[in-house]
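A.B. asks: Dropping a structure here in structure tokens format, bear with me for questions.
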Amino acid sequence: MPHRTRWRRRQIARGRPGSGGRVCYGPRPMSGQESKAKYKDTVNLPETPFPMRGDLATREPEILKKWDESKLYERIQTARAGAPLFVLHDGPPYSNGHIHYGHILNKILKDIVVKSRTMAGFRTPYVPGWDTHGLPIEQAVERDLGPKRKGMSAAEIRAACRDYAMKYVAIQREEFKRLGVLGDWDQPYLTLDKTYEGAIVRALATFARGGYFYRGKKPVQWCPRDRTALATSEIEYQDISLPSVYVRMPLVEDAQAAWRGKLDPRLEGRRLSLVIWTTTPWTLPSNLAIVAHPTFTYVAFPNRNDAGEYLIVARELAESVATAIGGADLAAAIEITPEQMKTLEGARYQHPFLPRPSITSSGDLDFRLWFADYVTADAGTGLVHTAPGHGPDDYKTGMTIGLPPYAPIDDGARYVPGIALETGARRVELAGKSTEEANPIIVEHLAATGFLLNPPTDNVRTSAAHCWRCKGPIVHRATPQWFIAMDHEGLRQRSLDAIRATKWVPPWGEERIHAMIDNRPDWVLSRQRLWGTPIPAFYCGECRVEHASADTMDHIAEIFDREGADAWWNREVIDLVPPGTKCTGCNAGPDKFEREKDIVDVWFESGVSWLAMARRDTDGKDYGDIDLYLEGSDQHRGWFHSSLLAAMGVKNAAPYHQVITHGFVLDENGIPYSKSSIAKAKSEGKKTSYIEPETVIAKSGTEMFRLWVGATEFRTDITYSQKILDGLGEWYRKLRNTARFLLGNLAADFDPNVHDRKLVTLGIDRYLLARLDDVVARARKAYEAYELHVVHRLLVELVTVDVSALYSDVAKDRLYSDPIDAPSRRAAQVVLYECLRAIATLAAPILCFTAEDIWTHMPKRAGDPDSVHLTAFPEVAAEGASAPIIADFAILLAWRERVTKALEPFRAQKNKSVDAAVTLHPAAAERDVLVQYEAELADLFIVSDVTISSAGDSTVEVAAHTGPRCERCWKHFDTLAADPGDVCERCAAALARRK
RNA sequence: CCGCCCUUAGCUCAGUAGCAGAGCACUUGGCUGAUAACCGAGAGACGGAGGUGCGAUUCCUCCCGGGCGGACCA
């Protein structure tokens, strides 16, 4: 708590012996104090209703209500109608659950950017969005529905999903608004909007028209529990233990074997076995080939358990294989050169438990040795078990040779009927078994039949792909899916070029996304789910030909624009296709068509949000020309990635000009500050805790979150802790109190329409205005470069050093004691006003509530709007104009420090600094400057008299001023005014003015 | 395993190849006409080890710690 230290300190002070009566809570002793306060009622003390404490938890909702009722966002847009456009496009958060700290960071950052761009003169619309389709919502709904789900139609389940999504849209909308984020909250974009669903299909139509869209059976990452394909962005890796098996695959020495007689003579008459290694024994029933590397050297060494057999592995790996299989006589190993290996190309081997000769439709291509250069020598045997239905590289090899993507498992990753292990008389049924159940069965079978070379209990720890939603292991499985071809019409290369043309902040993001696009496989668009937008394709019920024409998709897009994607399930097929549509294969009518059951990957949906925005062209303004995406750095593989590909396909340009990323929110121990990460760290025995944002907000409001975001360098990971918030709270109070002081000296009698910079003559006043211009110019630049923490630093320095410690202290004399309308006092007020205005406006994007509060209490110029967020940042006078005064004051302020220091012992003797008369002994070089400002030095140093000597050792001499003291302003003079006799001339005049 | 980023005082941030700065926190003095305020003073830091420089917090290499991302690892 911010106040605790303060209180403790006071209590300690009270209890300390000898601390005397100075710290006490009772009435102060009256004697002797009265004369001090004699003229108190005649000085112009600050006065303002602006409270010392923010009381943000109650004050913020009031301000929000005012903004809401006065339609502030709409008024800002109207006010900027003719201004240049700056579009920050909102990345849609997923609409389930309450918001967390990552959302808070992201949304506040965006809001600060939007507000600062607005105040820099741009029209900056902000349309928030939500990602509302997809698996997590569907799963949550299924869980909530329980057994009821069985009897429900697709339309009914989709309706439940919609309700669920919209519930959280409503919740998150309120939570985001509570952060002070201004935007078009009444008309957000939602991926479940009818027109958005139309845009998705329209984008697909463009891909189809361009020939990128195809259906293929190839291995995709498949989650057997969620029963759907997954994109690379939906995969995470976890360390798990997998069985490790070395399996011998005996070469068949039949009449056609080309290698006979071509190998080392010592191998003549020996039986040879290829040795493969795998950690996924369950894929062995799908093995169709073994692949070797074209340039590796291999060796054959005797099998210890079978005198007549030699085992073949890569030479590089022979030793590790020997170790794994319990030892081998490598001294007897015989080399097989790459050239000799070549003669083995196409050599047949005997599959350990599939006795039949071939399962390919294309003839006799399976169970042979082939070559590929993706084989590595860092693990395994250099001979790769290849199952084209269960791995991307395997698939590639299969395509080259003509092997099918054979994957005899169903949606739940269980073997289909007819799959069994058969070796001689030993037969083990696999049908119905899951891949995990199959692993030990297969290992046991291999061991029992002599094909396994290593102990059946061996396993390895490795990181393996898992589903990011259900966290379970996933499999590679070939199934028919819709894809976007990355290398059609140069899509990949054009995307890479577009990355180069985009500005990435911080710059390393460019390489990251470049490498990802460079390496990624074709985009799997199909999801075997309900809650989303259907893939708008059909199959002819007569001849099975696919129908995925662009024209048909455009037609469907129009229907979706009006009715939403529900039309896909609610309408007859004949009502979904353009009139006159016929099967291109057999000329059957659409009444014979069956519709595609899969939906579109949600990453494709959010990837076309820029298109949905462009279509929101209701007022003739192009929201689709987007300047900036601003998200967490994880979106390089997510939304930045999918948006880029979608935009390259649809309009052949990146959807953004600039992409900025922020880091993750970590706690003080460096653990990601999310509920799950913190819980995990806690379960591992680390000392940590998580406080819900709602709890913090209810107690202290959201302005501190905004300050946290504004003060922190967000491009790297950023730390959140209560301690940091408390520290920022201290600064916040300083800012608030300084503003309060400024307001107090302005509110009652200052009119900015009458009093302006023309009144300013004194050096200190000119210096402050110069400093102010400097800060304004730098802050504007910092906002432009999104360096919010720099803005924060500038504000801190301005407020603490220049305004509070220096200027307020120095100007108090004029403000309090001058006649109300004395030009010198007005000049000080002008300076205060300029400072206050600059502070309020520069702070407004960050401290949106407090700046508004200040603005409301401030005297206004004619034409000033009622909200600070409708104003612009201050303009800066010509650059460089302030250099001379800044240089002069560098010298004067150094002297001020010397004087203050020299006054320490003087003040320790119960004197005040105004009781002093000081003599300066400047070096010759500085003397002129001091003399130039001689008249105002006493006030600058807050003493009663300054003498400049001609000695030059840069020291300061302090003496008590011997003249009488003015009882009103407490400064000493050689003589006082005649009437009344105890005040100075200036104060006498001020008193006279009051009558 | 690979790649990228980060590491300056208790906290948040500056900064530079040449005595390391600010604000807050801390210790401490003062004021009581900004008072649950305000004005001073003090103490406190370049993650570690090498290297190249007359000189390194700054440039290079490696390591520790933290984060993010990638991976066909059969």
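Counting in the numbering used here, the final residue of the first sequence is number 1086, and the numbers go up one at a time with none missing. Backbone N, C-alpha and C fix where the C-beta goes; we use that ideal spot for every residue, glycine too.
Less than 8 Å between the CB atoms is what I'm expecting for Ala-1042 and Ala-1007, so what's the real figure, rounded?
C.D. replies: What you label residue 1042 is simply residue 951 of the first sequence in a count that begins at 1. What you label residue 1007 is simply residue 916 of the first sequence in a count that begins at 1. Between Ala-1007 and Ala-1042 the Cβ distance is about 19 Å, and since that is not below 8 Å, they are no contact.
A.B. asks: For Gln-329, count neighbouring C-beta atoms within 10 Å of its own C-beta (all shown protein chains included) and say buried if the count is 16 or more, exposed if not.
C.D. replies: Residue 329 sits at position 238 when you count from the first residue of the first sequence. Gln-329 should be labelled exposed.
A.B. asks: Looking at the structure shown, is Pro-843 part of a helix, part of a strand, or coil, going by DSSP?
C.D. replies: Counted from its first residue, the first sequence places residue 843 at position 752. DSSP places Pro-843 in coil when its eight states are reduced to three.
A.B. asks: Under 8 Å, with one C-beta from each stretch per pair, do the region 293-305 and the region 219-235 reach the 3-pair mark?
C.D. replies: Under the three-pair Cβ rule at 8 Å, the region 293-305 does not count as touching the region 219-235.
A.B. asks: CA-CA distance, Ala-838 and Thr-139?
C.D. replies: As a working mapping, residue 838 is identified with position 747 in the first sequence. As a working mapping, residue 139 is identified with position 48 in the first sequence. The alpha-carbon atoms of Ala-838 and Thr-139 are separated by roughly 6 Å.
A.B. asks: Checking the sheet assignment: what are the DSSP bridge partners for His-476?
C.D. replies: Locating residue 476 in the first sequence gives position 385, where the first residue counts as 1. For His-476, which the question treats as bridged, DSSP gives the partners Ile-381.
A.B. asks: Tell me the residue span of the beta strand (DSSP E) that contains His-567.
C.D. replies: For this step, residue 567 is matched to residue 476 along the first sequence. Counting along the chain, the beta strand (DSSP E) containing His-567 begins and ends at 566-575.
A.B. asks: Taking a contact to mean a Cβ-Cβ separation below 7 Å, would you say Leu-71 touches Asn-836 in this structure?
C.D. replies: Only positions 92 to 1086 of the chain appear in this structure, which leaves residue 71 out of reach.
A.B. asks: I'd like the ranges of any beta strand (DSSP E) spanning at least 3 consecutive residues and lying wholly in the region 694-770.
C.D. replies: 717-723, 747-753
A.B. asks: Since Phe-940 and Ala-211 are thought to touch, with beta carbons under 8 Å apart, how far apart are those beta carbons, to the nearest angstrom?
C.D. replies: The residue you call residue 940 lines up with position 849 of the first sequence. The residue you call residue 211 lines up with position 120 of the first sequence. Contact doesn't hold; Cβ gap of about 21 Å is too wide.
A.B. asks: By the three-class DSSP mapping on this structure, what secondary structure does Ser-122 have?
C.D. replies: For the purposes of this step, residue 122 is taken as the residue at position 31 of the first sequence. Any reading at Ser-122 is ruled out, since the residue's pLDDT is 40, under 50, leaving its predicted position unreliable.
A.B. asks: Can you tell me the Cα-Cα spacing of Ile-154 and Ile-945, whole angstroms?
C.D. replies: Within the first sequence, the letter at position 63 stands for residue 154. Within the first sequence, the letter at position 854 stands for residue 945. Straight-line measurement puts the Cα of Ile-945 at about 12 Å from the Cα of Ile-154.
A.B. asks: Residues in the same chain with beta-carbon distance under 6 Å from Gln-441, minus the five sequence neighbours each way, listed in chain order, please.
C.D. replies: The count along the first sequence starts at 1 and reaches residue 441 at position 350. Once the five neighbours on either side are set aside, the close Cβ partners of Gln-441 are Pro-341, Val-343.
A.B. asks: What would DSSP say about Ala-320, mapped onto helix, strand or coil?
C.D. replies: Here residue 320 refers to the residue found at position 229 of the first sequence. Ala-320 falls in the strand class under three-state DSSP.
A.B. asks: Smallest Cα separation from Asp-502: which of Leu-200, Asp-317, Val-475?
C.D. replies: As a working note, residue 502 is residue 411 in the first sequence. The option with the nearest alpha carbon to Asp-502 is Asp-317.
A.B. asks: Excluding five sequence neighbours on each side, which residues of the same chain lie with their C-beta closer than 8 Å to the C-beta of Gly-117?
C.D. replies: Against the first sequence, residue 117 aligns to sequence position 26. The predicted position of Gly-117 is uncertain, since its pLDDT is 33 and thus under 50; a value taken from the coordinates is nonetheless stated next. Closer than 8 Å at the Cβ level, and outside the excluded window around Gly-117, lies no residue.
A.B. asks: Within 10 Å of its beta-carbon, does Asn-678 have 16 or more other beta-carbons around it, so buried, or fewer, so exposed?
C.D. replies: On the first sequence, position 587 is the one that residue 678 refers to. Looking at its Cβ environment, which holds fewer than 16 other Cβ atoms inside 10 Å, Asn-678 is exposed.
A.B. asks: Roughly how many angstroms lie between the CA atoms of Lys-162 and Asp-222, to the nearest whole one?
C.D. replies: Here residue 162 refers to the residue found at position 71 of the first sequence. Here residue 222 refers to the residue found at position 131 of the first sequence. Approximately 26 Å between the Cα atoms of the pair.
A.B. asks: Between Ala-789 and Ala-261, how many whole angstroms is the CB-CB distance? I'm expecting something under 8 Å.
C.D. replies: Numbered from its first residue, the first sequence carries residue 789 at position 698. Numbered from its first residue, the first sequence carries residue 261 at position 170. Their Cβ separation, rounded to whole angstroms, is 19 Å, which puts Ala-789 and Ala-261 out of contact at 8 Å.
A.B. asks: Tell me whether Cys-631 sits in a helix, a strand or coil according to DSSP, three-state version.
C.D. replies: Locating residue 631 in the first sequence gives position 540, counting from the first residue. Strand, per DSSP.
A.B. asks: For Arg-797, name the three-state secondary structure that DSSP assigns.
C.D. replies: Position 706 of the first sequence, counting from 1, holds the residue named residue 797. Reduced to three states, the DSSP call for Arg-797 is helix.
A.B. asks: If contacts are defined as beta-carbon pairs under 8 Å, then Ile-367 and Val-338 qualify, I think. What distance do you get, rounded to the angstrom?
C.D. replies: Locating residue 367 in the first sequence gives position 276, counting from the first residue. Locating residue 338 in the first sequence gives position 247, counting from the first residue. About 5 Å; that satisfies the 8 Å criterion.
A.B. asks: Rounded to the nearest angstrom, what separates Arg-113 and Ala-993 at their Cα positions?
C.D. replies: As a first step, residue 113 is located in the first sequence; it is residue number 22 there, counting from the start. As a first step, residue 993 is located in the first sequence; it is residue number 902 there, counting from the start. Below a pLDDT of 50, predicted positions are generally treated as unreliable, and Arg-113, at 30, falls in that range; the measurement from the model is reported next regardless. Each residue's alpha carbon lies about 25 Å from the other.
A.B. asks: Taking only three categories from DSSP, how would you classify Tyr-486?
C.D. replies: Numbered from its first residue, the first sequence carries residue 486 at position 395. Note: Tyr-486 maps to helix in three-state DSSP.
A.B. asks: State the Cα-Cα distance for the pair Trp-276 and Pro-219, rounded to the nearest angstrom.
C.D. replies: Along the first sequence, one-based indexing puts residue 276 at 185. Along the first sequence, one-based indexing puts residue 219 at 128. A direct Cα-Cα distance of roughly 7 Å separates Trp-276 from Pro-219.
A.B. asks: Identify the residues that DSSP records as bridge partners of Glu-513: which are they?
C.D. replies: Looking up residue 513 in the first sequence gives position 422. DSSP output for Glu-513 lists Arg-518 as bridge partner(s).
A.B. asks: From what residue to what residue does the beta strand (DSSP E) around Phe-304 run?
C.D. replies: In the first sequence, residue 304 corresponds to position 213, counting from 1. Phe-304 -> beta strand (DSSP E) spans 304-314.
A.B. asks: List the endpoints of the continuous beta strand (DSSP E) containing Arg-459.
C.D. replies: Within the first sequence, the letter at position 368 stands for residue 459. Residues 459-462.
A.B. asks: If you drop the 5 nearest sequence neighbours on each side, which residues of the same chain put their C-beta closer than 6 Å to that of Val-866?
C.D. replies: Here the question's residue 866 lines up with position 775 in the first sequence. Leu-885, Leu-889, listed in sequence order.
A.B. asks: Does DSSP put Leu-859 in a helix, a strand or coil?
C.D. replies: Numbered from 1 along the first sequence, position 768 holds the residue referred to as residue 859. Note: Leu-859 maps to helix in three-state DSSP.
A.B. asks: Where Pro-108 and Asn-760 are concerned, what is the direct C-alpha to C-alpha distance, given to the nearest angstrom?
C.D. replies: Taking the first residue of the first sequence as 1, we reach residue 108 at position 17. Taking the first residue of the first sequence as 1, we reach residue 760 at position 669. Note that Pro-108 has pLDDT 30, beneath the 50 cutoff, so the model's placement of it is unreliable and the number below is only indicative. When rounded, the distance between both Cα atoms is 41 Å.
A.B. asks: Would the region 871-885 and the region 157-171 be scored as touching if the rule is three or more Cβ pairs under 8 Å?
C.D. replies: no
A.B. asks: Report the three-state DSSP secondary structure of Tyr-1024 (helix, strand or coil).
C.D. replies: Mapped onto the first sequence, residue 1024 falls at position 933. Three-state result, Tyr-1024: coil.
A.B. asks: Taking the beta carbon of Arg-119 as the centre, do at least 16 other beta carbons fall within 10 Å, making it buried, or is it exposed?
C.D. replies: The residue you call residue 119 lines up with position 28 of the first sequence. Reliability of the predicted coordinates at Arg-119 is poor, the pLDDT of 35 falling under 50, and the value obtained from them is presented with this limitation in mind. Exposed, because fewer than 16 other Cβ atoms sit within 10 Å of the Cβ of Arg-119.
A.B. asks: Which whole-angstrom value describes the C-beta separation of Leu-587 and His-605, a residue pair presumed to lie in contact below a C-beta threshold of 8 Å?
C.D. replies: For this step, residue 587 is matched to residue 496 along the first sequence. For this step, residue 605 is matched to residue 514 along the first sequence. Sure, about 6 Å apart at Cβ, within 8 Å.
A.B. asks: Can you find the residues in the same chain that come closer than 6 Å, C-beta to C-beta, to Lys-129, ignoring five residues on each side of it along the sequence?
C.D. replies: As a working mapping, residue 129 is identified with position 38 in the first sequence. Correct list, in chain order: Glu-1058.
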